[in-house]
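Note sheet for the following structure.
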Amino acid sequence: MEPFLRLLADLATLARGGVVALVLLRVGEGPEALAGVVRLLLLGWTLDVLDGWLARASRRPSPLAA
């Protein structure tokens with residue numbers, strides 16, 4: 000079970016990278032993009048919390064661990 004949790008933690012980390020890319024793509028779109036950016040930030044923060052919880056539950060560091 001621990002390797003599976005570590006894999007999920009790594010996937011959450013990689014997904015956060017995708018969220019950052021999407022946020023950066025919306026820079027310069029103007030005020031109409033604000034709602035979408037806020038949703039993306041909330042998704043990124045949620046993935047961060049989930050990543051931390053899963054990483055601690057796996058009890059083993061992964062190659063993506065800081």
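Start counting the sequence shown at 0; every next residue gets the next number (numbering that gives the first Met the number 0). Even for Gly, the Cβ is constructed at its ideal location relative to N, Cα and C.
Mapping DSSP to helix, strand and coil, what is Arg58?
As a first step, residue 58 is located in the sequence shown; it is residue number 59 there, counting from the start. Looking at Arg58 - three-state DSSP - the assignment turns out to be coil, as it is neither helix nor strand.
Rounded to whole angstroms, what is the Cα-Cα separation between Leu39 and Ser57?
One-based indexing of the sequence shown puts residue 39 at position 40. One-based indexing of the sequence shown puts residue 57 at position 58. About 26 Å.
Using C-beta distances below 8 Å, list every residue in its chain close to Leu42, excluding the 5 sequence neighbours before and after it, in chain order.
The residue you call residue 42 lines up with position 43 of the sequence shown. Answer for Leu42: Val18, listed in chain order.
Are Leu53 and Ala14 close, meaning C-beta to C-beta below 7 Å?
If you number the sequence shown from 1, residue 53 lands on position 54. If you number the sequence shown from 1, residue 14 lands on position 15. Against a cut-off of 7 Å, the Cβ pair of Ala14 and Leu53 comes out as no contact.
Are Ala20 and Leu49 close, meaning C-beta to C-beta below 7 Å?
Here residue 20 refers to the residue found at position 21 of the sequence shown. Here residue 49 refers to the residue found at position 50 of the sequence shown. Going by C-beta atoms, Ala20 is not nearer than 7 Å to Leu49.
So, are the CB atoms of Val37 and Arg25 less than 7 Å apart?
Mapped onto the sequence shown, residue 37 falls at position 38. Mapped onto the sequence shown, residue 25 falls at position 26. Not a contact, by the Cβ cut-off of 7 Å.
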